[in-house]
Amino acid sequence: VTSPYANILYHKENVTSGQFAFTTTEAGNYLACFWLEGNHNGLGANVNIDWKIGIAAKDWESVARKEKIE
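Here it is in structure tokens:
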């Protein structure tokens with residue numbers, strides 16, 4: 032993932048599955064690239080992206096709940 036000012040926020044190679052998240056400070060368009068190397072004999076690949084911004088991107092599972100606070 033690259034920021035609008037060409038800062039690399041996330042880079043990973045040889046990944047077959049997984050997930051990641053990042054937080055930004057720069058406004059603008061971000062670039063995410065995915066590719067298959069080598070000959071795959073017509074086999075495809077699935078990429079599922081759930082790109083969230085703003086309040087929708089908040090990890091609500093990690094927010095302290097009233098019953099968890101001592």
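In my numbering, the protein residues as written are 32 to 101.
Built from N, CA and C at the ideal position, the CB exists for glycine as well.
Owing to the predicted nature of the structure, the values given are computational and were not obtained by experimental measurement.
DSSP links I80 through a beta bridge to no other residue. Within the same chain, Cβ atoms closer than 8 Å to the Cβ of Y41 are found at V32, F51, F53, the five residues on either side in sequence being excluded.
Between W82 and A58, the C-beta spacing is not below 9 Å.
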